[in-house]
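Residue 14 in numbering that gives the first Met the number 0 is what sits at position 15 of the sequence shown, and the numbering runs on without skipping anything. Glycine included, C-beta positions come from ideal geometry on N, C-alpha and C. The structure displayed is predicted, hence computed values, not measured ones.
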Amino acid sequence: MKAYKTVIYSFLIGGVLALSAQALVTIWTQVLTGTPMQFFIGGATLVSMGVIGCILGGFAVYQLVEKWGMFGALLPFSGFAMAVGMKMVGPWTKQNASTGQAVWQGLWLVIWFNAVAAGLSILFGFVCGSLGVQPLITVEKNTTALVFPLAFLVGGLLCALFQTVYLAVKGITPKCQPVWILLTAWFCGALLAPLGLSGALANFAGQGFSVMIPVGGYNMYNVGVQFALGESVEALIHLGSFFLAVAGLFFTGLATYLIYRAKFGRAPISNVHRSKAQHLIDELDEIGSTRAAKPASNDPEESALAAAERAIDRAAG
């Protein structure tokens, strides 16, 4: 597939997932507002997106979406849950690993990624908070219906941006892995926070930013600032919400592995997709054979439709 097409697909896929998350956060806001779990509205949305990635990943569908538009599928948190699950599926299918060994691979990804990313972001926020750094830009939270199209637009643009970054780095260093670009995206959320850009995007475009990996850096930056300002209770609440969301994403990743294992056994993902493609081809051949064997109709409209279909088949061939 041509590189520019992956950027376009990343935009479309990321936009649709951001739009889905915006609908989910609206639902969770209605359900959790006024309850002791109100602080977890954002976390519940991330876990819900993880469930989407879990189900589609377990049935080997999300991975096809990733092939079309890589960071359109990976930058939203639904992609993180799928990636954790596939980190378990890989050893299970390719190395005949035990369940414990396979699950550990996924758990280790969750541990090191979030420990490194959160730790550095909190430290950066603590330094900025200690120095009295204030955001240069402030934007009121968008509570209008426009947040839905803006979520689609901003979410799609962020995915297209990091897909472009990945392609550029891949061209320089072919060994570049998507996980390094995801870490970069996380740190961008923290680095742009003192400028007010991360907060502006979160308020302006809702889940167009808040369901994407960079929001993790922004949230952990804020935790560091709160610790620096002596707001330890608020910082610990936000940190606890983060850990709950991470735990939820790990367990959705584990569910991805369990669904995949129950459905496909030890078949590698490449074999699963090849089998699905062959099944589709067989079905199309069967439809074509049935159509060719069907006797001609005396109905002029049906005859014209059949002729048009044959013309399309010839053109496609």
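Status (buried if at least 16 other CB within 10 Å, exposed otherwise) for residue i
i: Phe208; result: buried
i: Lys86; result: buried
i: Val232; result: exposed
i: Glu65; result: buried
i: Pro173; result: exposed
i: Val115; result: exposed
i: Lys1; result: exposed
i: Ser288; result: exposed
i: Ala315; result: With a pLDDT of only 48 at Ala315, under the threshold of 50, the placement of this residue in the model should not be trusted, and no figure is reported.
i: Arg320; result: For residue 320 there is no data in the structure shown, the boundaries of the chain being 0 and 316.
i: Ala82; result: buried
i: Pro75; result: buried
i: Thr251; result: buried
i: Ser269; result: exposed
i: Gln94; result: exposed
i: Leu283; result: exposed
i: Ile258; result: buried
i: Gln225; result: buried
i: Ala234; result: buried
i: Leu157; result: buried
Residue nearest to residue i in terms of C-alpha spacing, selected from the options
i: Val50; options: Val115, His272, Ala254 and Ile268; result: Ala254
i: Ile54; options: Gly84, Ile26 and Gln37; result: Gly84
i: Gly78; options: Tyr217, Ile171 and Pro177; result: Pro177
i: Ala59; options: Glu282, Leu190, Leu283 and Ser274; result: Ser274
i: Leu238; options: Gly252, Met219 and Phe249; result: Met219
i: Ile7; options: Ile26, Gly71 and Gly41; result: Gly71
i: Gln21; options: Asn141, Leu63, Gly205 and Lys93; result: Gly205
i: Glu328; options: Gly195, Thr183 and Gly170; result: The question about residue 328 has no answer, for the chain in this structure spans 0 to 316.
i: Met211; options: Glu282, Ala276 and Leu181; result: Leu181
i: Ile236; options: Leu73, Leu257 and Met36; result: Met36
i: Val102; options: Trp111, Gly89 and Leu31; result: Gly89
i: Gly42; options: Val245, Ala192 and Gly154; result: Val245
i: Ala192; options: Thr183, Cys175 and Val214; result: Val214
i: Gln104; options: Ala17, Phe263, His278 and Phe249; result: Phe249
i: Lys262; options: Cys127, Gly56 and Val146; result: Gly56
i: Val132; options: Thr5, Val30 and Asn221; result: Asn221
i: Leu16; options: Thr32, Thr28, Lys4 and Ser47; result: Ser47
i: Tyr256; options: Val168, Gly52 and Leu243; result: Gly52
i: Val146; options: Met69, Leu108, Leu243 and Gly14; result: Gly14
i: Thr44; options: Thr137, Gly99, Ile110 and Ser19; result: Ser19
i: Phe186; options: Val168, Ala167, Leu243 and Ser120; result: Ser120
i: Lys4; options: Val24, Thr32 and Met69; result: Met69
i: Cys127; options: Leu106, Leu190, Gln277 and Tyr61; result: Leu190
Residue range of the unbroken alpha helix (DSSP H) whose run includes residue i
i: Ser128; result: First, the residue type needs correcting, since residue 128 is Gly and not Ser in the sequence shown. Thr98 to Ser129 is the extent of the alpha helix (DSSP H) around Gly128.
i: Glu65; result: Tyr61 to Trp67
i: Phe10; result: Ala2 to Leu31
i: Lys262; result: Ser231 to Phe263
i: Ala82; result: Phe76 to Lys93
i: Ile54; result: Ile40 to Gly57
i: Asn218; result: Pro213 to Ala227
i: Gln342; result: Nothing in the structure corresponds to residue 342, since the chain is present only between 0 and 316.
Expected contact under 8 Å - CB spacing of residue i and residue j to nearest Å
i: Trp67; j: Ile12; result: 7 Å
i: Ser97; j: Ala227; result: At roughly 45 Å, the Cβ-Cβ gap does not stay under 8 Å, so Ser97 and Ala227 are not in contact.
i: Ala159; j: Phe10; result: 4 Å
i: Tyr217; j: Gly188; result: 4 Å
i: Phe125; j: Gly223; result: 4 Å
i: Ala117; j: Phe241; result: 7 Å
i: Val153; j: Leu122; result: The Cβ separation is near 28 Å, so there is no contact.
i: Pro148; j: Gly198; result: The pair is not a contact, with the Cβ atoms about 20 Å apart (cut-off 8 Å).
i: Asn141; j: Phe203; result: 6 Å
i: Phe161; j: Ala144; result: With 8 Å as the limit, Phe161 and Ala144 do not qualify as a contact, their Cβ atoms being about 28 Å apart.
i: Leu63; j: His272; result: 7 Å
Distance cut-off 6 Å: residue i Cβ against heavy atoms of the ligand ATP
i: Thr163; result: This structure does not include the ligand ATP; it has no bound ligands of any sort.
Residue-chain proximity (residue i, chain B), Cβ-Cβ < 7 Å
i: Leu248; result: This model lacks chain B altogether; it includes just one protein chain.
#### Entry: Contained alpha helix (DSSP H) runs [length at least 4] in the stretch 150–204, N- to C-terminal order
DSSP runs (the alpha helix (DSSP H)) wholly in the stretch 150–204: 177–190 and 196–204.
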